[in-house]
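Residues in the sequence shown are numbered from 411 upward in steps of one, following my numbering. Don't be surprised by glycine CBs; every beta carbon is placed ideally from N, CA and C.
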Amino acid sequence: MATSRKNMAESRNESAVDLAAKNLREIALASEDGEFLGSEDELVARLGVSKPTLRQATARIAQEHLVHVRRGVGGGYFARRPGSLTVSRMAAVYLRTRDATYVELTETTPMFYAELARLASRNRDPEMIARLRQFAERDENTVDEKNIQGYAEFMRSEREFIGFLADMAGNKVLELMVAITSDFSANAPRNDQRMLRKLDNMAIYRKLRARFARAIANGDGDIAELLSRRCTDLMCEWMREGFEDHAFQVGEMR
411 MATSRKNMAE SRNESAVDLA AKNLREIALA SEDGEFLGSE DELVARLGVS KPTLRQATAR
471 IAQEHLVHVR RGVGGGYFAR RPGSLTVSRM AAVYLRTRDA TYVELTETTP MFYAELARLA
531 SRNRDPEMIA RLRQFAERDE NTVDEKNIQG YAEFMRSERE FIGFLADMAG NKVLELMVAI
591 TSDFSANAPR NDQRMLRKLD NMAIYRKLRA RFARAIANGD GDIAELLSRR CTDLMCEWMR
651 EGFEDHAFQV GEMR
């Protein structure tokens, strides 16, 4: 009998936490990134729960990167927005448990780039087109240092370019898929010595990428898609040499 009462009490307590977490999640989603949601006492009153229940609910929603709690003066509960890394870290764990390798990543990249090319070419926003032309011009005039620092800067420029194209494409699902791919690529364990032996690829790739960017700016989806595949053929061949069938890492990504 005592056990039954205990189980019922635990069930009621879990239900209260579930409901509080659901309501807190909705409050956070309806707020802007960084917006103040209230103090602990204010949220206890708003949600109609106890402090322990609120804290348990907050722990769940904080794992989703939707709420941040600041202690001390000026503290309280604040809304936040998860970045792609939040999803990428969990995806890396999933892929690690299935023995996926980074080489498999290179097999999916071309389809994402091709779809980006197709959708971004339809976007005729003047400001975005102007930025794309500036990016192409910068690529044509950039001479990368042939060392680790130059390679790192080159990879940063690639993430910037693909992130911009994803925004230009206007498809949030594709934007997330591309962001995850970029996060994986940036955090992959590489054999830098192998990759550094082919640093001439950076100059070749930048020229191709500039043509790719200009095709999108011109609204020529067919040419843009063709150039996207030339870019990914070169990049993926290069990456495959460096990744060496490494399994997905589940440590801290940045």
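Counting C-beta atoms within 10 angstroms of its own C-beta, Tyr-523 has 16 or more neighbours from the protein chains shown and is therefore classed as buried. Between the C-alpha atoms of Thr-516 and Val-588 there is a straight-line separation of about 12 Å.
Contact between Thr-468 and Leu-434 is confirmed by a C-beta separation of about 7 Å, below the 8 Å threshold. Boundaries of the alpha helix (DSSP H) harbouring Leu-515: 512-530, taken from the DSSP string.
Excluding residues up to 5 positions away in sequence, Thr-519, Pro-520, Tyr-523 lie with their Cβ nearer than 6 Å to the Cβ of Thr-642 in the same chain. The Cβ neighbour count for Val-483, taken over all protein chains shown within 10 Å, is under 16; the residue is labelled exposed. Here the alpha carbon of Tyr-504 sits roughly 40 Å from the alpha carbon of Asn-628. Between the segment 526-534 and the segment 548-563 there are fewer than three C-beta pairs closer than 8 Å, too few to call the two in contact.
Counting every other CB atom within 10 Å of its CB across the protein chains shown gives Leu-439 a total below 16, marking it as exposed.
A straight line joining the alpha-carbon of Ile-614 with that of Val-553 spans about 11 Å. Restricting attention to Val-497, Lys-461, Ser-460, the CA atom closest to the CA of Thr-591 is found in Val-497.
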